[in-house]
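Colleague: Can you keep this structure in mind? I'll have questions shortly.
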Amino acid sequence: MSLGILILILGFLTLGGFFLGRLRAVSMVDYDARKLHSLPNFYGGMVAIFIALPAFFVLCAWTLLQPVLIEQRVISNIAIVDITEGSNRTLVMADVRRIAEGLDRALALGGLSEQDLLKFDTTQSDANALLATAGVALGGEVQPSVFDAARHYRLTSKSAQLVMFVCVLSVALLGFALAYRRISAQMRARNVVEAVVLWGLVAASMVAILTTVGIIASMLFEAYNFFKMYPILEFFTSPVWNPQFSGGSELGILPLLWGTLYVSFVALVVAVPTGLFAAIYLSEYAGPKLRATAKPAIEILAGIPSIVYGLFALVTIGPMLRDYFARPLGLGDSSSSVITAGLAMGIMLIPFISSLSDDIINAVPQNLRDGSYALGATQSETIRQVVLPAALPGIVGAVLMGASRAIGETMIVVLGAGASAKLSINPFDAMTTITVKIVSQLTGDTEFNSPETLVAFALGLTLFVFTLLLNIAALAIVRKYREQYE
Amino acid sequence: MNNMIFLERNVQVEKNKIAAQGVQVFYGENHALKDVNVDILDKTVTAFIGPSGCGKSTFLRCLNRMNDTIAGCRIVGDIRLDGEDIYEAAVDPVQLRAKVGMVFQKPNPFPKSIYDNVAYGPKIHGLSRSKAELDEIVETSLRRAALWNEVKDRLHAGAIGLSGGQQQRLCIARAIATGPEVLLMDEPCSALDPIATAQVEQLIDELRSRYSVVIVTHSMQQAARVSQRTAFFHMGNLVEYGETGHIFTNPSDPRTESYITGRIG
Amino acid sequence: MTNDAKATFTSIKNPDARTKKRNAAEKRFRAYGLLAVAVSVVALLFLLSSIWTKGSGAFYQTYLTVPVTMSAEKLDPKGNRDPDEMKKVTTIGYSKLIAQNLIDQLAVNGLDTSNVSDKNIAKLLSSESAATLRNQVLADPKLVGQTQIFTFLASGRIDGYFKGRVTMESAALDNNTSPAQLVIADEMKNIGILSIKFNWKFLSAPDASELRPEAAGLGVAILGSAYMMLVVLGLALPLGVAASIYLEEFATKNRWTDVIEVNVSNLAAVPSIVFGILGLAIFINIGGLPQSASIVGGLVLTLMTLPTVIISTRASLQAVPPSIRDGALAVGASKMQSVFHHVLPLAMPGIMTGTIIGVARALGETAPLLLIGMVAFVRDFPASPPSGFFDPATALPVQVYQWTQRADPAFTERASGAIIVLLGFLLVLNSVAIFLRSRFERRW
């Protein structure tokens, strides 16, 4: 009995309960709906909720817990001795699952019947051959106990599924009975329904918290695993990044941190003056026509995904800089470099800085400008000596947020900055960043539980904390600044 | 009208400082000011009175070309400062505004120190050649604005921390620091409490010995207290202009009388 | 100071030296501002034109028109037109057949192929062509024995020749082609056997291997992205609106709601790669969902888009004036009815705009998808929903990334072309958002 059918049945029950509940409410008042406390639909809705919600929770909980519990029981039955070298419980469990699936398929293909399966004796017949016909390939000979475990797993899963089915449906019917009985003309069905909806809304807002908790917890957990394998002090202080497939890697964050900060610095050097001056011009000097065309044009830059900038850096900016600057000046020979990625990232950040600055400059009250003009100051003097100093905290906040975005950016540096971890001053050198290494270590071929892979979580945690601190600082500065004018 | 105080100081110089002829102002299609003719005298306090929206602030802002900053504002007519047409092409508004200062309705000190607020004007116009000179200008301006004694110990404190009345006097000091000859004041006391108002009114009276002051005010009593000449605006027209005493006791135009007696406005 | 008893007259006409200097400084300052605006606009134009010139070629492809006699003895030796039997003839057999037909056709048309070996003539065709023909024949065995005109893809190098990537000089050094082959290709074009046509397959075909850039298409990527956007829309919109309604209308202003608000604004600024890490650790490792599946990508992108939706929804709800709520309450509606019947419909345009912009941003995200396993080569289209959500898939930006990692320069053209498609989708989405905003948004 598949999950889909169960959900379908539940759906029908819910719908049926809705109509029955509504009918009962209305019939209780001789079909004069005005005598009811709430609209008839609320009575129906109440019944529907009582049917669907508890059953849904039971279904979810069961589906989540069932595999875990069954696997625990099955795995305890497999003798230690049968776990071959080089594997462990998890791998064996994976084999069990695959064998069970294969048996399902073999049965479906018609080559085997349930009776045959029960009688199947691994000492006599070849389990591997049987499974091969069903399309399951295994690494070695199938151990008898593993095969038995697979059979056991199948049967237990099937019966557990049946029990779940019964439980869920009975909970649904129980809910129906409870709700149906409570229907009366004075019953405040609407309040019940609205209370449930309110809890739904609260649950939705919890998702934000859960996400943050999830991010921190997942990274902390794996980073902790990593630091069990690799000394934490060395991670934060070693200037060498050299992961080796076979072990013995040196995993120091310093070269990556340097690359990140260097690229972000170049990006900000490009973006901040350009964005700030563009914002100043567009809000203080530009006429309505120029503002109407230039502002959307700059906003388009903001909507372009970072992969586009990455490709632009890789195929256009990189070769251009290499051919016209790096080679002639003898500074480098690579089209991937800090300055390539920094330039592309800077262009990406221009609209970010520009629109934030624009908001901040417009927030400076007009009467300050009037006071300055009335004293005979030119517009540029007013901007330089009155408006910008007044807007300075906000602009600092905007720069910090821009830095935070630059530090967290991935695709531009993956495609534009290269993969070699270096501590170099030459901007035409290829230098990699934290984000690039997170991607490369997590998508590489190393085993998951090795330090080379888990280091990505430590890197991610560092990145997260860094950007979080920058964001908090930026928001604090901007908030303090807003208080000045309110 | 018995509780109005008439100031009977001698008006020392009767020279024409600003002469306006046939001034009209359009905000886009809106004909905000119609045919204003008025002469502002030197070393005199001239008050512009009238109900809300009658154009008095608009006309005030024409006198230092602050209306230039408003898009869609068009000015027709002749305004002469010391005989020179201020709307001529050769005139740089920057220099005009060094000569004609303005104080606004809501005090607008810059978020800088008290010293820097007052020093801002002289600095950009290059009026001082040394720090000592600048200090002197700042002190003189603050003294003339009757603020020196209250702030002399905290010149480098933030100007935002002053009270409303102090802030407005600071703005006056700031306007004076550029050495103007005319001071325009757009309802300078309307955002202040009565005590601060009294202080500023006293200050205006002292200022008149050095500057030509034009003050826009909502309060007839204030106009009567501080000014020697009064101009009554109504619906974009300058209805009557003359000696303050005369306007308030024996107005020539029936509209003026209606406003004075409170029937309109 | 000029303002003492000795009234010195200062003219306001004709700016003095200092004013002239200040005005010059003013002009310079203005120029810097204009320069900054110009730099930004020029950068945008440079970016777009660079992508366009590099990528527009992907929409055109070189094809060869060859009449192929599907001889029964080669394709169906047993003669019973049974597809299962005919499957035994591999693509090698088909490619030999096509090559022979091509050589025959060239001879018929009088082209001199003496300085090019037969094998190299065959190389003018894409290696994809044999597979295409085989699939067609197996689907319709009646074709065996007939002669039909087929249009096959030309090989990547030939295509590159007509697009300017490959020249006679580079062909001399290239292992995969030779100048003689290019000469023949030119002659074939003159006769009409070879043509360059609009390449619809770029949008519908799945990805192809490294050796066949000419056959690579975006079909799987577009479908994968579509699935993920469905998931994002289906999850982020209700969750985001529900959370915002709670925070904005029902929650009392206490520490707990402050915490949630701080959380939301922090999450909005978290780098996208962190969400990828979260997806890997929780959805794949703990949740056991399949790697590289659209559902996982959709969930990760939902979590990423949720803060944006919440922030813009809250702004829309705040924009509805309190008088509307008061009016509803005054006729006896409950708080919830006033929100759902009155406030929410009025805020809907702003909510939709914010959501569409959030979805557009999610469409272009790459880094989190790489971390949940979308680095593999996916050639099969995911099945239809709901099970299709669990099939391995790829997304448009991820496909772009994968193509940039391949050595053949033809893939640069493909990647740029894919970006043109991506930008096209984004343009449509943003235009819809702007249209919604201008048409339906109220100004209170």
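Residue numbers (my numbering), protein chains in the order written: chain E, 422 to 907; chain C, 43 to 307; chain V, 2 to 445.
Backbone N, C-alpha and C fix where the C-beta goes; we use that ideal spot for every residue, glycine too.
Owing to the predicted nature of the structure, the values given are computational and were not obtained by experimental measurement.
1) What is the rounded straight-line gap between the Cα of Asn-159(C) and the Cα of Glu-248(C)?
2) Can you list, in chain order, the residues of its chain with a C-beta nearer than 8 angstroms to that of Val-65(C)? Leave out the 5 residues immediately preceding and following it.
3) Alpha carbon to alpha carbon, how far is Gly-125(C) from Ala-273(C)?
4) Let me check understanding here. Comparing Cα to Cα, which of Gly-114(C), Gln-241(C), His-276(C) lies closest to Arg-267(C)?
5) Quick check: Ser-727(E) and Ile-833(E), are their CB atoms within less than 8 angstroms of each other?
6) Using three-state DSSP, classify Tyr-683(E) as helix, strand or coil.
7) Where do the ends of the alpha helix (DSSP H) carrying Met-627(E) lie?
8) Which residues of chain E have a Cβ atom closer than 8 angstroms to the Cβ of His-31(C), listed in chain order?
9) Find the residues of chain E that neighbour Gln-137(C), judging by a C-beta separation of less than 9 angstroms, and give them in chain order.
10) Strictly below 7 angstroms CB to CB, what residues from chain V border Leu-123(C)?
11) Whose C-alpha, out of Ile-159(V), Gly-359(V), Val-399(V), Pro-386(V), is nearest the C-alpha of Gly-374(V)?
12) Using the C-alpha atoms, what's the distance from Leu-302(V) back to Ala-363(V)?
13) With a threshold of 16 other CB atoms inside 10 Å of the CB of Lys-7(V), please say whether the residue is buried or exposed.
14) So Asp-134(C) contacts chain V; which residues on that side make the cut at Cβ distance below 8 angstroms?
15) For Trp-53(V) and Ile-246(V), what's the separation of their Cα atoms in angstroms?
16) I need the straight-line Cα distance from Asn-267(V) to Gly-668(E), nearest angstrom please.
17) Tell me whether Lys-14(V) sits in a helix, a strand or coil according to DSSP, three-state version.
18) Among the residues of its own chain, which have a CB less than 7 angstroms from the CB of Lys-901(E), if the five just before and after it don't count?
19) Taking 8 angstroms as the cut-off, does the segment 745-752 of chain E touch the segment 427-438 of chain V (at least 3 CB pairs, one atom from each stretch)?
20) For Arg-611(E) and chain V, any beta-carbon pair shorter than 8 angstroms?
21) Buried or exposed, going by whether 16 or more other CB atoms sit within 10 Å of the CB of Pro-772(E)?
22) Measure the C-alpha to C-alpha separation of Gly-287(C) and Ser-269(C) and round it to an integer number of angstroms.
23) Can you give me the start and stop residues for the alpha helix (DSSP H) that Arg-158(V) sits inside?
24) Which same chain residues, not among the five before or five after Ala-199(C), have their C-beta less than 7 angstroms away from its C-beta?
25) Only counting the same chain, and skipping five residues up and downstream in sequence, which positions put a Cβ closer than 7 angstroms to that of Tyr-129(C)?
26) Mind checking which residues open and close the alpha helix (DSSP H) that includes Met-87(V)?
27) Would Thr-853(E) and Gly-739(E) be called neighbours here (beta carbons separated by less than 8 angstroms)?
28) Would you verify that the beta carbon of Gly-168(C) is, or is not, closer than 8 angstroms to some beta carbon of chain V?
29) Could you name the residues that DSSP lists as bridge partners for Trp-662(E)?
30) Using only the alpha-carbon positions, how far apart do Glu-141(V) and Asn-81(V) sit?
31) Which residues, in order along the segment 92-126 of chain C, keep a beta-carbon less than 9 angstroms from a beta-carbon of chain E?
32) Terminal residues of the continuous beta strand (DSSP E) containing Glu-720(E)?
33) Less than 8 angstroms between the CB atoms is what I'm expecting for Thr-20(V) and Asp-134(C), so what's the real figure, rounded?
34) At a Cβ threshold of 8 angstroms, is Phe-10(V) touching chain C?
35) Does any residue of chain E bring its CB to less than 8 angstroms from the CB of Phe-152(C)?
36) Would you mind stating whether Glu-188(V) and Leu-154(V) have Cβ atoms separated by less than 8 angstroms?
Modeller: In short, the structure shows the following:
1) Counted from its first residue, the second sequence places residue 159(C) at position 117. Counted from its first residue, the second sequence places residue 248(C) at position 206. About 22 angstroms.
2) Numbered from its first residue, the second sequence carries residue 65(C) at position 23. Hits under 8 angstroms: Leu-75, Asp-77, Val-78, Asn-79, Phe-101, Cys-104, Ile-117, Val-118, Gly-119, Asp-120, Ile-121.
3) Locating residue 125(C) in the second sequence gives position 83, where the first residue counts as 1. Locating residue 273(C) in the second sequence gives position 231, where the first residue counts as 1. If I take the Cα positions, the gap works out to 21 angstroms.
4) Your numbering for residue 267(C) matches position 225 in the second sequence. Closest option to Arg-267(C), Cα to Cα, is Gln-241(C).
5) By one-based count along the first sequence, residue 727(E) stands at place 306. By one-based count along the first sequence, residue 833(E) stands at place 412. Contact flag set, yes.
6) Sequence index remark: in the first sequence, residue 683(E) carries index 262 (1-based). Residue state, collapsed to three classes: helix.
7) Numbered from its first residue, the first sequence carries residue 627(E) at position 206. Residues 610-650.
8) Given a span of 43 to 307 for chain C in the structure shown, any question on residue 31(C) remains unanswerable.
9) Mapped onto the second sequence, residue 137(C) falls at position 95. Near Gln-137(C) (Cβ distances below 9 angstroms), the residues of chain E are Gly-797.
10) Here residue 123(C) corresponds to residue number 81 of the second sequence, with the count starting at 1. Going along chain V in sequence order, the residues near Leu-123(C) (Cβ under 7 angstroms) are Ile-13.
11) Working through the third sequence from its first residue, we reach residue 374(V) at position 373. Among Ile-159(V), Gly-359(V), Val-399(V), Pro-386(V), the Cα nearest to that of Gly-374(V) is on Val-399(V).
12) Sequence index remark: in the third sequence, residue 363(V) carries index 362 (1-based). Sequence index remark: in the third sequence, residue 302(V) carries index 301 (1-based). If I take the Cα positions, the gap works out to 6 angstroms.
13) Locating residue 7(V) in the third sequence gives position 6, counting from the first residue. Below a pLDDT of 50, predicted positions are generally treated as unreliable, and Lys-7(V), at 42, falls in that range; the measurement from the model is reported next regardless. So Lys-7(V) ends up on the exposed side.
14) Position 92 of the second sequence, counted from the start, is the residue given in the question as residue 134(C). Neighbours of Asp-134(C) on chain V, chain order: Ile-13, Pro-16, Thr-20, Asn-24.
15) Locating residue 53(V) in the third sequence gives position 52, where the first residue counts as 1. Locating residue 246(V) in the third sequence gives position 245, where the first residue counts as 1. Distance between the alpha carbons of Trp-53(V) and Ile-246(V): 43 angstroms.
16) Here the question's residue 267(V) lines up with position 266 in the third sequence. Here the question's residue 668(E) lines up with position 247 in the first sequence. Approximately 37 angstroms between the Cα atoms of the pair.
17) Counted from its first residue, the third sequence places residue 14(V) at position 13. Correct three-state label for Lys-14(V): strand.
18) Here the question's residue 901(E) lines up with position 480 in the first sequence. So the list reads Pro-814, once near-sequence residues are dropped.
19) No, they do not touch.
20) Sequence index remark: in the first sequence, residue 611(E) carries index 190 (1-based). Yes, contact with chain V.
21) Here the question's residue 772(E) lines up with position 351 in the first sequence. Buried, because 16 or more other Cβ atoms sit within 10 Å of the Cβ of Pro-772(E).
22) On the second sequence, residue 287(C) is found 245 positions in, with the first residue counted as 1. On the second sequence, residue 269(C) is found 227 positions in, with the first residue counted as 1. Answer to the nearest angstrom: the Cα atoms are 9 angstroms apart.
23) Locating residue 158(V) in the third sequence gives position 157, counting from the first residue. Per DSSP, Arg-158(V) belongs to the alpha helix (DSSP H) from 157-164.
24) Residue numbering aside, residue 199(C) sits at position 157 when the second sequence is read from its first letter. Closer than 7 angstroms at the Cβ level, and outside the excluded window around Ala-199(C), lie Ser-155, Ile-156.
25) In the second sequence, counting from the first residue as 1, residue 129(C) sits at position 87. So the qualifying residues of the chain are Ile-117, Ile-121.
26) As a working mapping, residue 87(V) is identified with position 86 in the third sequence. Run containing Met-87(V): 84-87, per the alpha helix (DSSP H) assignment.
27) Your numbering for residue 853(E) matches position 432 in the first sequence. Your numbering for residue 739(E) matches position 318 in the first sequence. The answer is no: Cβ separation not under 8 angstroms.
28) Against the second sequence, residue 168(C) aligns to sequence position 126. Gly-168(C) counts as touching chain V.
29) Residue mapping note: residue 662(E) aligns to position 241 of the first sequence, counting from 1. In the DSSP output, where bridge partners are listed per residue, Trp-662(E) has Leu-672(E).
30) Along the third sequence, read from residue 1 onward, the residue named residue 141(V) stands at position 140. Along the third sequence, read from residue 1 onward, the residue named residue 81(V) stands at position 80. Strictly speaking, residue 141(V) in this sequence is Asp, with Glu absent from that position. Spanning the two alpha carbons is a distance of roughly 13 angstroms.
31) Answer set for the segment 92-126 of chain C: Asn-106, Met-108, Asp-110, Thr-111, Ala-113.
32) Residue numbering aside, residue 720(E) sits at position 299 when the first sequence is read from its first letter. Run containing Glu-720(E): none in the beta strand (DSSP E); it sits in the alpha helix (DSSP H), 709-724.
33) As a position in the third sequence, residue 20(V) is number 19, starting the count at 1. As a position in the second sequence, residue 134(C) is number 92, starting the count at 1. With 8 angstroms as the limit, Thr-20(V) and Asp-134(C) qualify as a contact, their Cβ atoms being about 6 angstroms apart.
34) Counting from 1 along the third sequence, the entry for residue 10(V) is found at position 9. Yes, Phe-10(V) counts as interfacial toward chain C.
35) For the purposes of this step, residue 152(C) is taken as the residue at position 110 of the second sequence. Yes, Phe-152(C) counts as interfacial toward chain E.
36) In the third sequence, counting from the first residue as 1, residue 188(V) sits at position 187. In the third sequence, counting from the first residue as 1, residue 154(V) sits at position 153. No, the Cβ-Cβ distance between Glu-188(V) and Leu-154(V) is not below 8 angstroms.
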